[in-house]
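Asks: Would you mind keeping the following structure in view while I ask a few things?
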Amino acid sequence: MNHITDPVPASLEHWSSLRDRILESAQQVMGSFPVSDRSSPPTWSVVEETECESHVRQSITYEADEDCETTAFICRPHSSTSASMRGILCLHPTNHEHGYRDVVGLSGRPDRNYASELADLGFVTISPSYPQMAAYQPDLRGLGYHSGTMKAIWDNVRALDLLE
0 MNHITDPVPA SLEHWSSLRD RILESAQQVM GSFPVSDRSS PPTWSVVEET
50 ECESHVRQSI TYEADEDCET TAFICRPHSS TSASMRGILC LHPTNHEHGY
100 RDVVGLSGRP DRNYASELAD LGFVTISPSY PQMAAYQPDL RGLGYHSGTM
150 KAIWDNVRAL DLLE
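Here you go:
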């Protein structure tokens, strides 16, 4: 038994049924996953580019939703020579002062800069802002979101679409 008192799934069919119930329950709390066109990556632009020791850090904006720009950092290793590099989504901890700046080493907390460290190891990283943290304050209701959590999920999905 698990913490929900359901038996641990013993088969793929049982897991599929349980997964559907979990997804339905989550969407009751967070709102539905957006139905939107993902056939092309979001439009984006570089706001600022900084040369670091082993990587380039780009401050960008991208349009995860129509008329709503999301801010993010992309860290790309200097050694990048291929268009097919491995990419990692780097989410920041709850930090109302620094937000997404935390994971790229701009908050003064060196134990949090894992996006920069992964870029130094050869990965391309993208670190999007989380809704309602620091300066990123989208109008959730106006955009049709039931919660900041679902907006964050959508922003993260579109950030990964951007890396593709």
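Take the sequence shown: its position 149, counting from 1, is numbered 148 in numbering that gives the first Met the number 0, and each next residue is one higher. We put the CB at the ideal spot given by N, CA and C, even for glycine.
(1) With which residues is H54 paired in a DSSP beta bridge?
(2) Tell me the rounded alpha-carbon separation between P76 and S146.
(3) What is the rounded straight-line gap between the Cα of S58 and the Cα of D160?
(4) Using a threshold of 8 Å, state whether the C-beta atoms of T49 and Y135 are closer than that.
(5) Would you mind working out which of P41, D119, A114, S38 sits nearest V102, comparing C-alpha positions?
(6) Put E23 into one of helix, strand or coil per three-state DSSP.
(7) Using only the alpha-carbon positions, how far apart do Y61 and T42 sit?
(8) With distance defined between alpha-carbon atoms, name the residue in V156, L88, L17 nearest to I125.
(9) By how many angstroms is the C-alpha of Q27 removed from the C-alpha of L139?
(10) Between the C-alpha atoms of E52 and V34, what's the straight-line distance to the nearest angstrom?
(11) List the DSSP bridge partners of E68.
Replies: By the coordinates alone:
(1) Translated into the one-based positions of the sequence shown, residue 54 becomes position 55. DSSP, once it has assigned bridges, lists P76 as partnering H54.
(2) Position 77 of the sequence shown holds residue 76. Position 147 of the sequence shown holds residue 146. Taking the straight line from one Cα to the other gives about 35 Å.
(3) If you number the sequence shown from 1, residue 58 lands on position 59. If you number the sequence shown from 1, residue 160 lands on position 161. Rounded to whole angstroms, S58 to D160 spans 17 Å at the Cα level.
(4) Counted from its first residue, the sequence shown places residue 49 at position 50. Counted from its first residue, the sequence shown places residue 135 at position 136. Cβ atoms of T49 and Y135: not closer than 8 Å.
(5) Looking up residue 102 in the sequence shown gives position 103. Comparing Cα-Cα distances from V102 to each of P41, D119, A114, S38, the minimum goes to A114.
(6) One-based indexing of the sequence shown puts residue 23 at position 24. DSSP places E23 in helix when its eight states are reduced to three.
(7) In the sequence shown, counting from the first residue as 1, residue 61 sits at position 62. In the sequence shown, counting from the first residue as 1, residue 42 sits at position 43. Y61 and T42: Cα-Cα distance of roughly 6 Å.
(8) Working through the sequence shown from its first residue, we reach residue 125 at position 126. If we check each option's Cα against that of I125, L88 comes out closest.
(9) Along the sequence shown, read from residue 1 onward, the residue named residue 139 stands at position 140. Along the sequence shown, read from residue 1 onward, the residue named residue 27 stands at position 28. Their backbone Cα atoms lie some 16 Å apart in a straight line.
(10) Numbered from its first residue, the sequence shown carries residue 52 at position 53. Numbered from its first residue, the sequence shown carries residue 34 at position 35. Each residue's alpha carbon lies about 41 Å from the other.
(11) Within the sequence shown, numbered from 1, the residue matching residue 68 stands at position 69. Answer by DSSP bridge pairing, in chain order: E62.
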